[in-house]
Every structure is written in structure tokens, then in C-alpha cells.
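All remarks here apply to the structure that follows.
In C-alpha cells, the structure reads:
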């Protein structure tokens, strides 16, 4: 019989804290800084508590990446809702979300760990599903070019490229959005 205080268990709160702390550690110090001990300490749980939710560090990283993709997807979905035009709607939403990743370094950095094949597959599956879903509206070569240009903005944010791109970010975003309204690149 235990006479000590009972802790109110909140597994979803603990899981969320573990995901958030892992993403923050990765964004601030790089993925190499993400250790089980560091995450557990940051989340205020024991290593055993962490392993209760995630059987390995790899599964934790995968869950963080999946969580970031889910947040990215929700942001894309939100951007789609406000678009009155169907042609190029996914590409415009993608551009808007990617350009704003510079304002959210945690998400930008968390999505940068795609050197792992399992994580790369998660991203690849997401983008393929989105492109299939928007095949009728976003399959043109000019739209693919715009999405790759948006990816370039994302990479410059990840690498900390200090160029005029940051000061002209809104103008660049506008040019990319304008390009989605063209029927083809000539």
C-alpha cells in the first residue's frame, strides 16, 4: 500500500510536452543535442516516463517530425480555405505556409531533419498525397517551379542565409503567388 501523494497522470499532456521539448531542443541546438536525458529533463519527466510514450529516441524523433507535418498540413489547409480560386490553390497555400516558416524556427528546424530515410518518407508521403489530392488544380509545370522556389526560401531560412531575400520576403511571396495564376511558363 502506498501512502505517498498520487500524481494525477495526464498522458496526453506529458506526450505533448515531450514532443514540444524535443522540437525545441532540435531547433535550438541541432538534432545531435536531442538525447533522451535532455528531453526528459526539459519535459520534467523521468527517462522511464519518456520511454513509456516512445520506445526509442528514433520513435520520438519520428513522432516529432510527424507532429510537425501535421501542423504544417493544418496550416496549408487553413490557407486553402481562404483562397477563392481553384487553379493553383495548393501551391499558393504551400507558398504562404513555407514563407511563414521563417517566423517559426521550431517548425522550420524540425522539418529540416530529412536526412533520415524514415523521416524523408513521411514528408514524401505527405507531399505525394497532397499533390494527388490537388491533381486537377496544381499539376502544371509552372506550379511545380513555384513550389521549388518556395522550398528555396525554406532552405535559405534553415541555413541562415543573410541576403536581401529577408527584406524583400513579402515581394517575393507576391511574385510567387502571381506566378501560380499563370497557365504555363513560356
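Residue numbers (the numbering used here): -2 to 183.
Beta carbons are placed, not taken as given, at the ideal position from N, Cα and C, and that holds for glycine.
#1: Looking at residue 144: is its Cβ nearer than 8 Å to the Cβ of residue 83?
#2: Tell me, to the nearest whole angstrom, how far the beta carbon of residue 170 is from that of residue 96; I am working on the premise that it is less than 8 Å.
#3: Please state whether DSSP places residue 114 in a helix, a strand or coil.
#4: What are the start and end residues of the alpha helix (DSSP H) that includes residue 59?
#5: State the DSSP-derived secondary structure class of residue 136, mapped to helix, strand or coil.
#6: If you measure between the beta carbons of residue 37 and residue 46, is that distance less than 8 Å?
#7: Provide the residue span of the alpha helix (DSSP H) that contains residue 48, from first to last.
#8: Run through DSSP, which three-state label would residue 129 get?
#9: In angstroms with no decimal places, state the Cα-to-Cα distance between residue 183 and residue 112.
#10: Pick from 177, 150, 176: whose alpha carbon is nearest that of residue 165?
#11: With a threshold of 16 other CB atoms inside 10 Å of the CB of residue 167, please say whether the residue is buried or exposed.
#12: Is there contact between the stretch 47 to 55 and the stretch 28 to 37, where contact requires at least three CB pairs shorter than 8 Å?
#13: So, at 7 Å on beta carbons, what are the nonlocal neighbours of residue 12 in its own chain, with the 5 sequence-adjacent residues on each side left out?
#14: Do you know how far the Cα of residue 32 is from the Cα of residue 14?
#15: Helix, strand or coil for residue 151? Go by DSSP, reduced to three states.
#16: Looking at residue 255: is its Cβ nearer than 8 Å to the Cβ of residue 128?
#17: For residue 8, tell me which candidate among 42, 136, 148 has the shortest Cα-Cα distance.
#18: Taking the straight line between their C-alpha atoms, what separation do you get for residue 66 and residue 120?
#19: Assuming residue 85 and residue 142 form a contact by the criterion Cβ under 8 Å, report the distance between their Cβ atoms to the nearest whole angstrom.
Quick look at the numbers:
#1: no
#2: 5 Å
#3: helix
#4: 54 to 78
#5: coil
#6: yes
#7: 44 to 50
#8: helix
#9: Low local confidence applies: a pLDDT of 41 at residue 183 is under 50, so the model's placement there is unreliable, and no value is given.
#10: 150
#11: exposed
#12: yes
#13: 50
#14: 15 Å
#15: helix
#16: This structure leaves residue 255 out entirely; the chain is present only between -2 and 183.
#17: 42
#18: 7 Å
#19: At roughly 12 Å, the Cβ-Cβ gap does not stay under 8 Å, so residue 85 and residue 142 are not in contact.
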